[in-house]
Amino acid sequence: DTEVTQTPKHLVMGMTNKKSLKCEQHMGHRAMYWYKQKAKKPPELMFVYSYEKLSINESVPSRFSPECPNSSLLNLHLHALQPEDSALYLCASSQDTKGETQYFGPGTRLLVL
Amino acid sequence: QQQVKQSPQSLIVQKGGIPIINCAYENTAFDYFPWYQQFPGKGPALLIAIRPDVSEKKEGRFTISFNKSAKQFSLHIMDSQPGDSATYFCAARAGNQFYFGTGTSLTVIP
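In structure tokens, the structure reads:
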């Protein structure tokens, strides 16, 4: 099973809402990633978790808060977002942070009104 | 600063043609070079990848050519099909980070 699942598929939220994105993998991977992708642009790295510890935070605003409750789950908590945060949020995983193959989930399409 | 430069931005070929997408980099710390294929509304999927000690790699209809001295690599799609129409991203890895090219939108006309 080489699947990374993400929920929800779509999310619409107001600027005062709090919501969470969820990512799950059962491949035994110990590295998990959050990326943000705008239309017709490449994915931009936001966070990297290695063995459930945050190892990279690419200067992401504090209104995005990642959480890795266990080795299979990755959450992204959203609060007080701005319309410019509307994008496709992608989760990925790899064997570890030196793993060559990153498996991406289908993404959550987020719209902030 | 874009660490991996990708061209062209878009490409239209006839079915059976051989589209070629090029990428260039400067960072000699890059040690792994994957190509991803992304369909609308989907996440990127790994297509093929190469290490810098190899000059060419083929998997099915997809071939990567790698020129270490020129710091360039390219993707060739043999006998392209309409189902290959997608956005293609090259990438390069340094440490535990992947740096993506800007993407090429490929359209294969039946």
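Protein sequences, first through last, are from chains E and C.
One point on numbering: in my numbering, the residue at position 65 of the first sequence is 65, and numbering is uninterrupted.
One point on numbering: in my numbering, the residue at position 54 of the second sequence is 1054, and numbering is uninterrupted.
Using N, Cα and C, we set each Cβ at its ideal position, and we do this for glycine too.
All figures in this text were calculated on a predicted structure; none of them were measured in a lab.
#1: Between which two residues does the beta strand (DSSP E) holding V1004 (chain C) run?
#2: Which first and last residues belong to the beta strand (DSSP E) in which L113 (chain E) is found?
#3: Just curious, the beta strand (DSSP E) that R1093 (chain C) is in, first and last residue?
#4: Report yes or no: do three or more beta-carbon pairs, one from the segment 103–111 of chain E and one from the segment 5–19 of chain E, lie closer than 8 Å?
#5: Comparing the C-beta of G105 (chain E) with each C-beta of chain C, is any distance below 8 Å?
#6: Whole angstroms are fine: how far does the CA of H26 (chain E) sit from the CA of S72 (chain E)?
#7: Would you say T101 (chain E) faces chain C, with C-beta separation under 8 Å as the test?
#8: N1022 (chain C) and S55 (chain E): beta carbons closer than 8 Å?
#9: Beta strand (DSSP E) containing E1059 (chain C): first to last residue?
#10: What ranges does the beta strand (DSSP E) occupy inside the segment 5–75 of chain E, keeping only unbroken runs of at least 3 residues that lie completely in it?
#11: Would you decide whether A1070 (chain C) is buried or exposed? Buried here means 16 or more other CB atoms lie within 10 Å of its CB.
#12: Distance, Cα to Cα, L81 (chain E) vs H10 (chain E)?
#13: I1077 (chain C) and I1018 (chain C): beta carbons closer than 8 Å?
#14: Any C-beta of chain E sitting closer than 8 Å to the C-beta of A1049 (chain C)?
#15: For L1075 (chain C), decide whether its Cβ has a neighbour in chain E, counting only Cβ atoms nearer than 8 Å.
Let me lay it out:
#1: For the purposes of this step, residue 1004 (chain C) is identified with residue 4 of the second sequence, where counting begins at 1. Per DSSP, V1004 (chain C) belongs to the beta strand (DSSP E) from V1004 to S1007.
#2: As a working note, residue 113 (chain E) is residue 113 in the first sequence. No beta strand (DSSP E) contains L113 (chain E), which DSSP labels as neither H nor E.
#3: Sequence index remark: in the second sequence, residue 1093 (chain C) carries index 93 (1-based). It spans A1086 to A1094 - the beta strand (DSSP E) in which R1093 (chain C) sits, taken as one unbroken run.
#4: yes
#5: Working through the first sequence from its first residue, we reach residue 105 (chain E) at position 105. Judged by the 8 Å Cβ criterion, G105 (chain E) is in contact with chain C.
#6: Along the first sequence, one-based indexing puts residue 72 (chain E) at 72. Along the first sequence, one-based indexing puts residue 26 (chain E) at 26. Rounded to the nearest angstrom, the two C-alpha atoms are 6 Å apart.
#7: As a first step, residue 101 (chain E) is located in the first sequence; it is residue number 101 there, counting from the start. Chain C, which has a Cβ nearer than 8 Å to the Cβ of T101 (chain E), makes this yes.
#8: By 1-based counting over the second sequence, the position of residue 1022 (chain C) is 22. By 1-based counting over the first sequence, the position of residue 55 (chain E) is 55. For N1022 (chain C) and S55 (chain E), no; Cβs fall outside 8 Å.
#9: For the purposes of this step, residue 1059 (chain C) is taken as residue 59 along the second sequence, with counting starting at 1. E1056 to E1059 is the extent of the beta strand (DSSP E) around E1059 (chain C).
#10: 10–13, 18–25, 31–37, 44–50, 53–57 and 64–70
#11: Working through the second sequence from its first residue, we reach residue 1070 (chain C) at position 70. Exposed.
#12: Here residue 81 (chain E) refers to the residue found at position 81 of the first sequence. Here residue 10 (chain E) refers to the residue found at position 10 of the first sequence. Computed Cα separation, rounded: 16 Å.
#13: Indexing the second sequence from 1 puts residue 1077 (chain C) at position 77. Indexing the second sequence from 1 puts residue 1018 (chain C) at position 18. Against a cut-off of 8 Å, the Cβ pair of I1018 (chain C) and I1077 (chain C) comes out as a contact.
#14: Translated into positions along the second sequence, residue 1049 (chain C) becomes position 49. Yes, A1049 (chain C) lies at the interface with chain E (some Cβ there is under 8 Å from its Cβ).
#15: Position 75 of the second sequence, counted from the first residue, corresponds to residue 1075 (chain C). Chain E contact via Cβ: absent.
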